[in-house]
Amino acid sequence: MGRDTWFYKLDKIKAREVLLPDLKDPHKLPITFKKFCYDRKWISSKGYEESIKVISEDINQINPINLFRIIQYVGLTIKPLEKQSTLDKYGIHEILYLGRDNAYAFMYHFSDLIIAQRIDDNYNIKQELFMIFVNYIIILTLEFVVMTHDIDDKIKPYIIEANRLKKLIKKEPYIQRALTEVVPDIYKQWIDYENSTDPDKYNSIEFPYDYWICELAYGFLIHFIEIKNSIKKENTNIIIIDSI
């Protein structure tokens, strides 16, 4: 079963000054945002009014459904290759995309952390709460890189940075659990699949698809450290659009 998950950081100034006038433009072609929303009232009956109001105040408070509607609308008004640069101009910055098995694996751990931290299951979350998830994934992938990958010059600086983070947060209960329970369990799964002689073994990987976090740890470690560094000094919520 397919799944696509996008993570966005937001710039309220760009959204108010650049995005808002375009969404309110009564002559926008090929369709105005107001008509676009009204044609899709089955999604949300007040999508246009809610979006205009929240962007006027602070886009960080937007409902993920309304953000998804805006992104869909932008896609209709520009050439496909211009979509990401246009969203950036509007203050909507994609920081992570996960597809299929990766989406299931990472969102399984994300949901687990939400429950552990007693956070409401709301995919508009504060930056500091999202950082818990980012730190968690950095520690997981650090351990897997060291155990399963060759250490080359490209990854060394990221390992150093991740180890520095590990020293700072290793006493946090969620990190202790990751190191003592989650990492050994996922690593065992990875070993079992790697040692299997079944020619169809990769198609038999089952939910929550943790094998891929271990197998692709090299790239994920780099990417999540870059995410951490890109948002740690910004005042932004993180909006998660999760499509199953």
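Here the numbering used here is used: the first residue of the sequence shown is 877, the next is one more, and so on.
Just so it is clear, CB atoms sit at the ideal spot from N, CA and C, and this is done for glycine as well.
It should be emphasised that the depicted structure is a prediction, and the values quoted were computed from it without experimental measurement.
The beta strand (DSSP E) enclosing residue i, as first and last residue numbers
i      : result
Leu886 : 880–886
Buried versus exposed, by CB contacts within 10 Å (16 or more), residue i
i       : result
Gly975  : exposed
Leu895  : buried
Asp887  : buried
Glu1057 : exposed
Ser927  : buried
Asn1071 : exposed
Met820  : What is shown of the chain runs 877 to 1120, which leaves residue 820 out entirely.
His903  : exposed
Ile1089 : buried
Asp997  : Its pLDDT being 48, under 50, Asp997 is placed unreliably by the model, and the measurement read from it follows with that caveat. Asp997 comes out exposed.
Phe986  : buried
CB-CB length for residue i against residue j, believed under 8 Å
i       : j       : result
Leu989  : Tyr1012 : 6 Å
Tyr1087 : Gln1065 : 6 Å
Gly923  : Arg945  : 6 Å
Lys959  : Lys890  : Not quite, the Cβ-Cβ distance comes to about 16 Å (not below 8 Å), so this is no contact.
Phe883  : Ile1114 : 6 Å
Pro906  : Thr962  : Incorrect: roughly 15 Å between the Cβ atoms, too far for contact.
Lys1104 : Met1007 : 7 Å
Terminal residues of the alpha helix (DSSP H) in which residue i lies
i       : result
Asp898  : 896–900
Asp1118 : No alpha helix (DSSP H) contains Asp1118, which is instead part of the beta strand (DSSP E) from 1114–1119.
Arg892  : Counting along the chain, Arg892 falls outside any alpha helix (DSSP H), and DSSP gives it neither H nor E.
Tyr1059 : Residue identity check: residue 1059 is Val in the sequence provided, not Tyr. Counting along the chain, the alpha helix (DSSP H) containing Val1059 begins and ends at 1059–1071.
is_contact[residue i, chain C] using C-beta, thresh 8 Å
i       : result
Phe1020 : Included in the structure is just one protein chain, with no chain C present.
Which residues DSSP lists as bridging residue i, in chain order
i       : result
Ile1001 : Ile1114
(request) Go through the segment 938–995 residue by residue and report every complete run of the alpha helix (DSSP H) that reaches 4 residues or more, in order. (result) 940–953, 959–965, 976–992
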